[in-house]
Structures are given as C-alpha cells and as structure tokens.
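Okay, so the sequence shown: first residue is 11 according to the working numbering, each after it adds one. Shown next, in structure tokens, is the structure this report addresses.
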Amino acid sequence: MTKTYSYAAQGAKDSLKPFTFERRAPGADDVQIDILYCGVCHSDLHTVKNEWHNTLYPSVPGHEIVGRVTAVGANVSKFKVGDLAGVGCMVDSCQHCASCAEGDEQYCENGFTGTYNGPVFGGENTFGGYSDNIVVKEKFVLRISHGDANLAAVAPLLCAGITTYSPLHHWKVGPGKKVGVVGLGGLGHMAVKIAHAMGAHVVLFTTSPNKREDGLRLGADEVVVSKNPDEMAKFANTLDFILNTVAAPHDLDAFLGLLKRDGTMTLVGAPDSPHPSPSVFNLIFKRRSLAGSLIGGIQETQDMLDFCAQHGIVSDIEMINIQDINEAYGRMLKGDVKYRFVIDMSSLKKEANAA
C-alpha cells in the first residue's frame with residue numbers, strides 16, 4: 011500500500027481539506043503515476059456538492075491527470091518508469107460487453123469505474139487526481155506526447171478535450187461543414203480549437219459580448235451573441251452540426267432552429283436540473299436530431315491527445331495551488347476563469363512534506 015496525500019470533501023456542505031489514504035500497491039497490470047498536474051472540471055464541483063445525488067464521501071475529485079510513471083507491473087508493456095502519462099475520467103470497465111469490445115468503454119453496459127466516485131452503477135469508492143499519486147490499470151493509462159513546457163495545459167484535454175473531440179469526430183466534423191459551438195467555457199473553448207483544427211467553419215454562440223474577441227482568437231470564424239435575436243436570425247437553417255457545451259438549463263429551441271435539414275445538436279454540458287423541453291416541430295419539420303455524448307473511449311482519447319499534439323492544441327489555463335481549490339470553485343461558479351484551472355501538485359507535496 012502507498013500512503014497518499016490529497017484534498018477531499020467529507021460532505022456536501024464541506025470545503026476541500028487535506029486527507030490521507032492508502033493506494034493499492036501496483037499489481038502486474040498496473041502503472042503507478044506521480045501526479046504533476048490535475049485539471050479542475052465542473053464535474054468535480056458537481057460531485058463534491060452532491061448535485062447529481064450520487065456522491066460517495068470522502069470525495070477526492072480530479073480526472074484530468076498528467077504525471078510521470080514511477081512503477082510498472084510485470085505485465086505492463088506500453089509504459090516504463092520515467093514516462094509521461096495521463097489518466098482521464100475512467101480507470102476500469104467490464105471489458106466484455108459490446109460497448110467495451112468496440113472501444114466505447116464510456117458506454118459500458120455494466121458501468122465504467124470513474125477515476126473518482128467509483129463505478130457508475132454503484133460500488134467501492136475511488137479517489138481521483140487531487141492527490142500526489144495514482145495507480146491505474148495499463149489499459150486506462152494514456153501516452154502524453156506534448157512537450158514538457160505544455161504539460162499543465164495538457165491536463166484538461168483528459169476531460170474537456172475528449173468530451174468535445176468525441177462528438178466532433180463521431181458526427182464527422184471537417185472541411186465543408188459549418189459547425190456551431192454554444193458556450194465559451196472550459197468545454198467550449200476546447201470545442202472551438204478542435205473544430206477549427208478539423209477544418210470546419212466554426213460559429214461560436216455566447217451570451218457575453220465581451221467574449222467575441224477571445225472566440226476569434228481561439229479559432230472561431232464568426233461569433234454570435236445569442237441574446238441578440240437579429241444576430242441569431244442570420245444563422246437560421248445554416249448549420250450542419252451544433253455542439254452545445256452549456257451546463258445550465260436553457261432554451262434549446264433557439265439553437266435547434268439554426269440547424270439545416272438533417273442537422274444534429276449534441277449536448278455535452280450536464281446541468282443539475284433539466285433543460286426546458288424543446289418543441290417537437292423544431293425537430294420534425296427539418297428531420298433534425300437532438301443527441302448527447304459522454305467523454306470518449308480509451309483509444310479515442312489517445313487519438314485526441316495525438317491529434318492535439320500534432321496541431322499544437324492545449325487548454326487555456328490558470329495555474330493554482332491545491333490550497334486555493336475552494337476559492338477556485340467559487341470563481342468557477344461565477345465563470346471567472348479563462349478557461350480551466352489546473353492544480354500544480356507540487357503545492358500538495360510541499361504541504362505533505364511539511365506535515
């Protein structure tokens with residue numbers, strides 16, 4: 011067993027505080043990773059506050075992990091000590107259902123095991139990346155090929171990157187496609203970068219006029235203030251695909267009407283209460299589709315990392331110390347971050363060494 015230092019919440023109303031627990035010793039198929047950086051995802055906040063009503067406490071969040079391999083099991087062939095490695099949202103799945111067999115472990119019929127908060131359908135708790143080390147099966151460990159200078163900004167790719175890459179890839183976004191991205195936050199800014207790199211014409215929709223310049227900088231070809239009816243009307247029936255990243259309930263009809271015949275809007279934001287139900291007429295008169303997407307499988311996540319390395323894509327981040335995580339959560343609720351917090355885990359190790 012390995013003594014592990016972390017930050018955890020003990021209950022829904024508690025702030026994150028230092029917490030010590032033991033990781034398993036690496037088995038034959040395991041990779042042990044010294045965590046260098048961990049991104050801060052809105053899912054972390056939802057889970058800590060039990061907003062999805064499924065949190066196991068104590069809760070150690072964090073599923074955007076970049077680190078260096080410190081030990082490998084006897085059967086491990088893809089990693090060696092000293093390698094850079096990443097861990098995303100999953101650390102296990104059943105490995106024998108149809109979804110797992112097809113490389114879609116995120117849709118495992120028996121429920122994948124989250125990097126934190128345990129198996130989807132219930133089971134023993136798991137502790138995530140707000141910690142100094144993690145032990146993960148080799149199959150769920152990812153290769154990092156970005157340079158050392160960008161490692162902190164790579165961390166959010168393990169969730170925000172794959173959450174947006176997967177639907178863009180699945181719905182065949184590329185040259186000749188006109189693609190809308192709704193929302194410019196942690197997910198939305200990655201969607202703009204990735205869709206632009208895929209060769210699509212990217213239209214960003216934001217409620218904030220002051221984000222227009224940033225949207226263009228990130229790769230949007232056009233930026234629309236969605237509160238402006240005249241700006242919205244110009245895009246009616248023009249888009250092939252929309253990726254909606256907003257994690258708060260809002261009017262979906264306003265965006266469905268922008269799709270061409272046979273267009274699809276895919277939701278990746280996960281609000282804590284439902285969206286208002288869209289009008290069926292907005293769907294049936296143009297054979298439009300409303301869909302959802304959840305992260306990506308392990309191979310697809312590796313493909314995303316390689317794609318981003320090839321195109322020089324990383325997240326726009328603000329680095330914080332672990333001791334500032336509760337303040338960061340408060341700022342995240344206000345949208346006061348451009349566009350992802352990343353924890354420098356050396357701050358945790360200094361605290362642990364001083365304890």
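Using N, Cα and C, we set each Cβ at its ideal position, and we do this for glycine too.
- Under DSSP, Y15 takes part in a beta bridge, and its partners are T30.
- A residue is called buried once 16 or more other Cβ atoms fall within 10 Å of its Cβ, and I332 is buried on that count.
- Here the alpha carbon of V58 sits roughly 13 angstroms from the alpha carbon of T136.
- As the crow flies, the alpha-carbon of E232 is around 8 angstroms from that of G225.
- Judged by DSSP secondary structure, Y47 falls within the beta strand (DSSP E) whose first and last residues are D40 to V50.
- M355 carries a coil assignment under DSSP once its states are collapsed to helix, strand and coil.
- In the displayed model, E232 falls within a strand according to three-state DSSP.
- When the five nearest sequence neighbours on each side are left out, the beta carbons in the same chain lying within less than 8 angstroms of the beta carbon of R222 are those of T216, V233 and V235, in order along the chain.
- Contact between I144 and R33 holds: CB atoms are separated by about 7 angstroms, below the 8 angstroms threshold.
- M329 is bridged by DSSP to V352.
- Only residues of its own chain outside the window of five on either side were considered, and among them T123, T125, V146 and F150 have a CB closer than 6 angstroms to the CB of V101, listed in chain order.
- Residue burial is scored here from C-beta neighbours: G21 has fewer than 16 other C-beta atoms within 10 angstroms and is therefore classed as exposed.
- If one requires a minimum length of 3 residues, the beta strand (DSSP E) runs lying completely within the stretch 153-213 are 188-192, in chain order.
- Linking A365 to N60 through their CA atoms gives a straight-line distance of about 30 angstroms.
- For T65, no alpha helix (DSSP H) encloses it, and the DSSP letter there is neither H nor E.
- Here R271 carries a strand assignment [DSSP, helix/strand/coil].
- In the DSSP annotation of this structure, the continuous segment of the beta strand (DSSP E) that includes A95 starts and ends at L94 to V97.
- Here Q105 is exposed. Its C-beta has fewer than 16 other C-beta atoms within 10 Å.
- At a Cβ-Cβ threshold of 7 angstroms, K188 and D250 count as neighbours.
- Under the DSSP assignment, D24 falls outside any beta strand (DSSP E); it carries neither an H nor an E label.
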